[in-house]
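Just so you know, we're using my numbering here: the sequence shown kicks off at 4 and counts up by one.
A short write-up of the structure that comes next.
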Amino acid sequence: MSNIERYLRKDKFPHIWCPGCGNGIVLHAFLRAIDKLNLDQNQVAAVSGIGCSSRATGYVDFCTIHTTHGRALAFATGVKFAKPELTVFVFSGDGDSTAIGGNHFIHACRRNIDLTMIIFNNNIYGMTGGQYSPTTPYMKYASTAPYGNAEQPFNISGLAVAAGASYVARGTTYDAAQLDNLIIKGIENKGFSLIEIFAPCPTVYGRKNKLANPVDLMMWQKELTMPVAKWNQLDDEEKAKYQPTGILTDIDKPEFCDEYAKTCAKAQKIAKGELIS
Ligand SMILES: Cc1ncc(C[n+]2csc(CCOP(=O)(O)OP(=O)(O)O)c2C)c(N)n1
Ligand code: SF4
């Protein structure tokens, strides 16, 4: 049995993902990262919402919860608070995390709670038949945008940086080898870590946008992205054409569970008369 196979719940296979879907590439990178860090399976928790990508929690042999649409971060916050010793992951789609779950997302970033969130960004609601999501690019097609999407998309990583996450990285399934390191660095960060991964959906997004061949979607990722060091050299007009990849933010910042524990200790001292507020 390979190192990776021991993390899989084989009785849950075959999985639901379509041929050419990027979700398996992301999950494989996640498992390689766990394996490289040699994390104890019983000390790892993975929490997901609802969507094709969120099915990932069913396939991995950790402490897992498949929760409700958009609410994975709320459950994960509870898990981390109750069991701070666990390494807690959140798997989420672009719809799950930035549409119905958008408010949880910005506040988890702001609090800097020690969770590692992986967003599988496929620019669409895959599971429910291709409604446009907050990351569907302008004028791309979706089942709810048959004449093109008139909305401007979120830049998820940019949103996380602005909202206060201490570690933010972006990668693609085209450059799968880079993902392990981006995820490892996120696990090592004590605070909220977001790894946004462009993961193609050939069946829904691709089919509606003349990119049904998974290789075409990979080439789209390649053309759309650029390593952040190279991107930083561009002028603003050129920057707008590309999405930087790699580590976008990595800062030291107080972590929420630690700060909350300190506040509780202070409150207890005040209650016992050992401290005046
Ligand atoms: C409260 C609620 N509203 C709507 C749905 C229907 N629903 C299930 S998955 C989904 C969208 C998933 O899209 P995304 O998060 O981008 O994940 P993907 O399937 O693309 O991986 C929706 C709207 C639901 N399950 N629960
Ligand atoms: S519908 Fe799209 S996101 Fe869902 S499994 Fe198929 S290819 Fe992947």
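For each residue, glycine too, the CB sits at the ideal point set by N, CA and C.
Rounded to the nearest angstrom, what separates residue i and residue j at their Cα positions?
i	j	result
Val164	Leu185	16 Å
Asn192	Glu262	16 Å
Leu278	Ser100	41 Å
Ser146	Gly133	5 Å
Glu148	Tyr135	What sits at residue 148 in the sequence shown is Ala, not Glu. C-alpha separation (whole angstroms): 7 Å.
Asp64	Asn45	9 Å
Pro203	Asp43	30 Å
Ile273	His110	29 Å
Pro137	Gln155	8 Å
Tyr177	Val171	19 Å
Gly167	Ser95	19 Å
Gln271	Ala264	11 Å
Leu30	Ala243	29 Å
Arg173	Thr131	25 Å
Asp239	Pro17	46 Å
Arg35	Cys21	22 Å
Thr252	Ala268	31 Å
Met222	Thr175	11 Å
Leu162	Cys112	9 Å
Ordered along the chain, which non-local residues of its own chain (more than five positions away) have a Cβ less than 6 Å from that of residue i?
i	result
Met120	Val93, Leu197
Thr67	Ala49, Thr60
Arg114	Phe259
Gly23	Pro205, Pro217
Asn6	Asp38
Ile254	Ser169
Val207	Ile127, Gly129, Gly133
His107	Leu76, Ala77
Lys143	Asn152, Asn212
Gly209	Ala215, Leu220
Val47	Phe65, Thr90
Gly25	Thr176, Ala202, Pro203
Within 10 angstroms of its Cβ, does residue i collect 16 or more other Cβ (buried), or is it exposed?
i	result
Thr80	buried
Ile122	buried
Arg9	exposed
Gln224	buried
Tyr150	exposed
Pro257	exposed
Asp97	buried
Ile28	buried
Lys211	buried
Gly276	exposed
Asn124	buried
Glu241	exposed
Ala180	exposed
Phe33	buried
If I'm right that residue i touches residue j with Cβ under 8 Å, what's the distance once you round it to whole angstroms?
i	j	result
Tyr245	Thr228	6 Å
Ile250	Thr90	Not quite, the Cβ-Cβ distance comes to about 19 Å (not below 8 Å), so this is no contact.
Pro140	Asn126	7 Å
Ile200	Leu220	Actually they do not touch by this definition, with Cβ atoms about 13 Å apart.
Ile187	Leu11	About 20 Å; that fails the 8 Å criterion.
Considering only residues of the same chain and omitting the five flanking positions on each side of residue i, which have a CB-CB separation below 7 Å?
i	result
Cys260	Lys83, Phe84, Pro87, Ile116, Asp117
Ser280	Ile273
Ile103	His72, Gly73
His69	Ser51, Ser57, Thr60, Gly61
Gly194	Asn115, Asp117, Ser169, Tyr170, Lys256, Glu258
Asp14	none
Using a Cβ-Cβ cutoff of less than 8 Å, which residues in the same chain neighbour residue i once the five nearest sequence positions on both sides are dropped?
i	result
Asn235	Pro247
Lys71	The sequence given here places Thr at residue 71; Lys does not occur at that position. Gly52, Ile53.
Ile19	Cys55, Arg58
Pro230	Pro247, Thr248, Gly249
Ala232	Gly249
**Study point:** Ranges of the beta strand (DSSP E) found wholly within the segment 124 to 171, counting only runs of at least 3
**Key:** none
Review point. Fully enclosed by the segment 43 to 101, which alpha helix (DSSP H) runs are 4 residues long or longer?
Key: 59 to 62, 75 to 85
Point to revise | Secondary structure, alpha helix (DSSP H): runs of 4+ residues fully inside the segment 171 to 222 | key: 179 to 191
**Study point:** Segments of 3+ residues assigned as beta strand (DSSP E) that fall wholly inside the segment 228 to 262
**Key:** 228 to 230, 246 to 253
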